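**Student:** Could you have a look at this structure, given as structure tokens, before my questions?
2 protein chains.
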Amino acid sequence: MSRLTGGDPSLLRRINSAVVLHALRGAGSPTLTDLTRITGLSRPTVEGVVEGLFEAGLVVEAHPDESEARRQGRPARRFRFRAEAGYLLGVEIGPHRVSALLSGLDGRVTGAGSRTVSETAEADERLDQVRAVIADLLRRSGVARSSLRAVGVGSPGIVEADGTVRLGTALPGWTGLPLGERLRRSFRCPVLVENDANAAAVAEHWKGAATESDDIVFVLAGLSPGAGSLIGGRLHRGFGGAAGEIGALHLLGRDVTPEHLLSTTGTPLEPLDEQAVAVVFAKARQGDAEARAAVERFLQRLVHDVAALALALDPELVVVGGWAAGLDGVLEPLRRELARYCLRPPRVTLSLLGEAAVATGALRLALDHVEEQLFAVEGAVTTRR
Amino acid sequence: MSRLTGGDPSLLRRINSAVVLHALRGAGSPTLTDLTRITGLSRPTVEGVVEGLFEAGLVVEAHPDESEARRQGRPARRFRFRAEAGYLLGVEIGPHRVSALLSGLDGRVTGAGSRTVSETAEADERLDQVRAVIADLLRRSGVARSSLRAVGVGSPGIVEADGTVRLGTALPGWTGLPLGERLRRSFRCPVLVENDANAAAVAEHWKGAATESDDIVFVLAGLSPGAGSLIGGRLHRGFGGAAGEIGALHLLGRDVTPEHLLSTTGTPLEPLDEQAVAVVFAKARQGDAEARAAVERFLQRLVHDVAALALALDPELVVVGGWAAGLDGVLEPLRRELARYCLRPPRVTLSLLGEAAVATGALRLALDHVEEQLFAVEGAVTTRR
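Residue numbers (the numbering used here), protein chains in the order written: chain X, 1 to 385; chain H, 386 to 770.
Here's what the structure looks like:
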């Protein structure tokens with residue numbers, strides 16, 4: 001707080017820049033008069049800020065449309081935010097697939113690409129595929145690598161602040177991998193690595209099933225289940241970045257993996273073999289008794305894990321994503337059981353973004369990073385300790 | 386943000402008041418020169434604010450000590466915060482006991498009182514005891530009821546924002562009780578009701594075992610276990626105020642109460658009969674096999690519940706309080722199991738405040754409320770959506 005009152009004249013300038021930039025991005029092609037009205041700032045202040053943004057290449061003069069040019073002798077100058085002043089990537093690295101989304105500085109997706117990759121692929125091979133997907137996407141989109149402003153990456157595992165994977169059992173060679181460092185060699189811009197379920201939670205809040213709620217849990221349902229949560233609209237990473245790692249819950253006195261639960265033969269399925277899982281679910285739908293029992297065991301586990309999260313966090317909304325969400329019968333048992341144990345059970349809904357959730361969240365994290373720089377206002381005013 | 390930039394001249398005044406007041410409370414009896422140096426504000430600004438605080442009765446002139454008076458011809462005027470300008474209460478309503486703490490506006494406890502109450506007492510009787518404890522405490526302390534600025538109350542159960550108990554199975558007649566409304570009749574100041582485990586979490590962070598950590602889980606261990614958590618130093622209540630209600634976790638496929646688990650006869654103990662529990666623990670210490678098995682079952686349950694919380698929230702520190710914390714052998718199994726399931730297991734420690742935790746937290750919540758009013762700075766600067 002002393003920053004604000006102790007005399008940081010640049011802070012007010014930065015606040016004003018942020019206000020004007022927000023207004024510019026929200027309001028089509030506003031005139032200076034529009035901006036003055038929207039922001040409540042004085043005309044000279046608005047002019048000064050717009051001039052600065054102009055020089056930074058973030059704002060250009062918009063061409064007045066013809067009707068207005070005809071109506072008025074000399075139309076007021078209009079301005080617009082230059083989303084094309086820089087680009088962002090959102091990348092998902094999964095067990096079976098790597099994918100990437102491209103957007104301008106407004107976060108609107110303008111390109112996408114993906115490749116399949118084997119669940120047994122080693123880290124080097126997986127990273128090669130990531131680089132190939134990105135190179136291909138940039139080339140197809142005609143975007144120079146040098147115009148990238150930030151790259152967000154969603155990956156399974158517990159991810160450190162510097163992008164090192166502290167633990168990642170879902171992918172071979174992933175635990176201990178300095179993922180951020182490895183990827184940074186390919187870019188001149190910041191690379192931000194986030195746990196996949198955390199990224200998906202951010203995505204559903206941004207443009208998916210959770211745009212109306214700030215208190216959500218996103219469950220990445222599958223053989224290696226994980227969860228991400230937003231509290232008051234902010235990602236809750238936990239003290240060590242491991243919040244929501246409910247995959248370990250089943251260890252509590254029950255050393256049985258999902259691959260065990262879903263087995264119809266007594267021998268567990270191959271780790272992460274989702275094809276085999278799909279077969280079990282298909283058989284269950286056809287009425288096979290053993291398959292039904294296996295699916296029932298799997299769903300009970302999932303319900304238990306999600307219920308534990310719901311009791312701990314008390315979210316408004318639970319969004320279920322991941323491949324298990326596409327299988328029959330996940331939602332109803334979840335709703336039923338949560339209603340039993342929670343006084344005010346959260347709403348339960350399916351992911352709207354589906355397979356795109358993790359990459360979309362990674363893109364949003366890249367956008368957050370760039371916006372933080374554009375709108376940098378440090379030392380928020382607060383009097384609570 | 387538009388508040389700040391859109392022309393709210395009083396905001397800066399309020400920020401300045403908060404800065405000066407913080408400095409006054411931290412710095413003994415500062416002079417105006419001291420305050421100017423500490424706050425970085427201009428001399429006229431500091432003078433104006435101190436004058437305002439003086440008029441509001443929150444600041445008085447401190448008497449210079451004699452040595453200084455001798456040393457200088459005309460010593461600079463010194464000022465001090467008037468903690469005695471108002472009083473606060475922190476109240477705990479428990480199954481077996483009601484208690485209250487009294488403090489000035491600096492939060493320093495100047496008086497305390499408590500009464501035992503039967504776990505079978507109905508709500509009216511329990512509230513009568515609460516009023517009696519408070520009346521007695523005020524009388525003994527020579528504090529007029531009219532000088533109370535806020536009353537904080539910690540109670541078992543899920544508590545609504547208005548102080549209504551939405552669910553409270555630990556106390557007879559508690560579910561649905563408009564606790565805040567009932568207590569407000571006795572006071573002219575605000576009455577704030579909070580879940581007991583939440584209040585205890587706040588207390589341990591304020592002046593207990595968690596002063597060094599902002600990411601904590603407080604476990605109120607006992608027959609009706611609950612938990613409260615701070616995330617980034619702030620109380621996490623959850624969307625519906627039910628976060629941390631891990632007591633319901635045991636319902637997940639295991640409809641067994643702690644009273645069942647602790648039974649050595651097959652017949653469950655009386656609900657909330659902590660005397661009977663103490664007997665079981667004592668027998669276990671003496672080597673009784675059935676009692677040891679019962680205690681083991683109880684501890685396993687507790688460990689499971691806390692592990693679920695730790696996996697969901699990933700705290701830095703788990704503080705164990707409540708009566709079970711005073712019993713042997715809660716801490717070690719908890720540490721051992723958390724180390725098994727958490728990649729970066731939280732530290733586990735006992736409550737430092739013990740029986741005073743809930744009332745202390747309630748007092749802090751009352752203090753928070755008053756400070757918010759004193760230092761009211763609305764519309765914190767933020768540019769993130």
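A virtual CB, placed ideally from N, CA and C, is assigned to each residue, including glycine. Nothing here was measured: the structure is a model prediction, and the numbers come from that model.
Can you give me the Cβ contacts of Leu-687/H inside the same chain, cut-off strictly under 8 angstroms, excluding the 5 residues immediately before and after it?
**Tutor:** Val-604, Ala-606, Pro-610, Ala-709, Val-715 and Leu-719
**Student:** Under the three-state reduction of DSSP, which class applies to Glu-61/X: helix, strand or coil?
**Tutor:** strand
**Student:** With DSSP as the reference, identify every bridge partner of Ala-627/H, one or two as the case may be.
**Tutor:** None, per the DSSP bridge assignment.
**Student:** Check the DSSP bridge columns for Ser-614/H and list the partner residues they point to.
**Tutor:** Val-602/H
**Student:** The segment 340-363 of chain X: which residues have C-beta closer than 8 angstroms to a C-beta of chain H, in chain order?
**Tutor:** Listed in sequence order: Arg-340, Tyr-341, Cys-342, Leu-343, Arg-344 and Pro-346.
**Student:** How far does the alpha helix (DSSP H) with Val-528/H in it extend, from its first residue to its last?
**Tutor:** Counting along the chain, Val-528/H falls outside any alpha helix (DSSP H), and DSSP gives it neither H nor E.
**Student:** Is Leu-608/H closer than 8 angstroms to Pro-643/H when the C-beta atoms are compared?
**Tutor:** Yes, Cβ-Cβ distance for Pro-643/H and Leu-608/H is below 8 angstroms.
**Student:** Could you give the residue range of the beta strand (DSSP E) that holds Thr-349/X?
**Tutor:** 347-350
**Student:** Can you list, in chain order, the residues of its chain with a C-beta nearer than 6 angstroms to that of Leu-637/H? Leave out the 5 residues immediately preceding and following it.
**Tutor:** Because the pLDDT at Leu-637/H is just 47, under 50, the model does not fix this residue reliably, and the point stays unresolved.
**Student:** Please name the residue, chosen from Gly-527/H, Arg-482/H and Gly-489/H, that lies closest to Asp-753/H on a Cα-to-Cα basis.
**Tutor:** If we check each option's Cα against that of Asp-753/H, Gly-489/H comes out closest.
**Student:** Which residue from Ala-356/X, Ile-15/X, Leu-21/X and Val-19/X puts its Cα closest to that of Asp-196/X?
**Tutor:** Ala-356/X
**Student:** Identify, in the order they occur along the chain, each residue of the same chain with its Cβ nearer than 6 angstroms to the Cβ of His-621/H, setting aside the five sequence neighbours on each side.
**Tutor:** Cβ neighbours of His-621/H beyond the five flanking positions: Ser-614 and Ala-628.
**Student:** Would you call Arg-162/X buried or exposed, if buried means 16 or more other Cβ atoms sit within 10 Å of its Cβ?
**Tutor:** It is worth fixing the name first, because residue 162/X is Asp in this sequence and not Arg. Exposed, since its Cβ has fewer than 16 Cβ neighbours within 10 Å.
**Student:** Should Ala-529/H go down as buried or exposed, given a rule of 16 or more other Cβ atoms within 10 Å for buried?
**Tutor:** Result: exposed.
**Student:** For Asn-580/H, list the residues DSSP reports as bridge partners.
**Tutor:** Ser-540/H
**Student:** Are the C-beta of Arg-551/H and some C-beta of chain X separated by less than 8 angstroms?
**Tutor:** Yes, Arg-551/H lies at the interface with chain X (some Cβ there is under 8 angstroms from its Cβ).
**Student:** In chain H, which residues lie with their C-beta within 7 angstroms of the C-beta of Phe-239/X?
**Tutor:** Asp-600, Asp-699, Pro-700 and Glu-701
**Student:** Ends of the alpha helix (DSSP H) at Ala-100/X?
**Tutor:** It is not in any alpha helix (DSSP H) - Ala-100/X instead sits in the beta strand (DSSP E) that spans 97-104.
**Student:** Provide the residue span of the alpha helix (DSSP H) that contains Phe-54/X, from first to last.
**Tutor:** 43-55
**Student:** What does Ala-585/H touch in chain X if you count any residue whose Cβ is under 8 angstroms from its own?
**Tutor:** Per Cβ cutoff of 8 angstroms: no residues; Ala-585/H is ~17 angstroms from chain X at best.
**Student:** In three-state terms, what does DSSP make of Thr-36/X?
**Tutor:** helix
**Student:** Only counting runs of 3 or more residues, tell me where the beta strand (DSSP E) segments fall wholly within the segment 285-343 of chain X, in order along the chain.
**Tutor:** 317-321
**Student:** Three-state secondary structure (DSSP) at Leu-552/H?
**Tutor:** strand
**Student:** Which residues of chain X have a Cβ atom closer than 8 angstroms to the Cβ of His-621/H, listed in chain order?
**Tutor:** Ile-231 and Leu-313
**Student:** What residue range is occupied by the uninterrupted alpha helix (DSSP H) comprising Thr-652/H?
**Tutor:** Here Thr-652/H belongs to no alpha helix (DSSP H), and DSSP marks it neither H nor E.
**Student:** Just the Cα atoms here: how many angstroms apart are Val-515/H and Gly-233/X?
**Tutor:** Straight-line measurement puts the Cα of Gly-233/X at about 38 angstroms from the Cα of Val-515/H.
**Student:** Taking 8 angstroms as the CB-CB limit, is Leu-684/H close to chain X?
**Tutor:** Not closer than 8 angstroms to any Cβ of chain X, the Cβ of Leu-684/H fails to qualify, so no.
**Student:** Would Thr-33/X be called buried (16 or more neighbouring beta carbons within 10 Å of its own) or exposed?
**Tutor:** exposed
**Student:** In chain H, which residues lie with their C-beta within 9 angstroms of the C-beta of Gly-244/X?
**Tutor:** Chain H residues near Gly-244/X: Leu-696, Ala-697, Leu-698 and Asp-699.
**Student:** Could you confirm whether any beta carbon from chain X is found closer than 8 angstroms to the beta carbon of Gly-638/H?
**Tutor:** Only weak support is given to the placement of Gly-638/H: the predicted model assigns it a pLDDT of 45, under 50, and the question is left unresolved by the model.
**Student:** The alpha helix (DSSP H) that contains Leu-752/H, what's its start and end?
**Tutor:** Looking at the DSSP string, the run of the alpha helix (DSSP H) that includes Leu-752/H is 742-759.
**Student:** What residues are listed by DSSP as bridge partners for Ile-478/H?
**Tutor:** Val-483/H
**Student:** Do you know whose CA, among Pro-315/X, Ser-17/X and Ser-141/X, lies nearest Glu-212/X's CA?
**Tutor:** Pro-315/X
**Student:** To the nearest angstrom, how far is it from the Cα of Ala-18/X to the Cα of Arg-524/H?
**Tutor:** 55 angstroms
**Student:** Gly-565/H lies in the alpha helix (DSSP H); which residues open and close that run?
**Tutor:** 564-569
**Student:** With 8 angstroms as the threshold, decide whether the Cβ of Ala-606/H is near any Cβ in chain X.
**Tutor:** Chain X, which has no Cβ nearer than 8 angstroms to the Cβ of Ala-606/H, makes this no.
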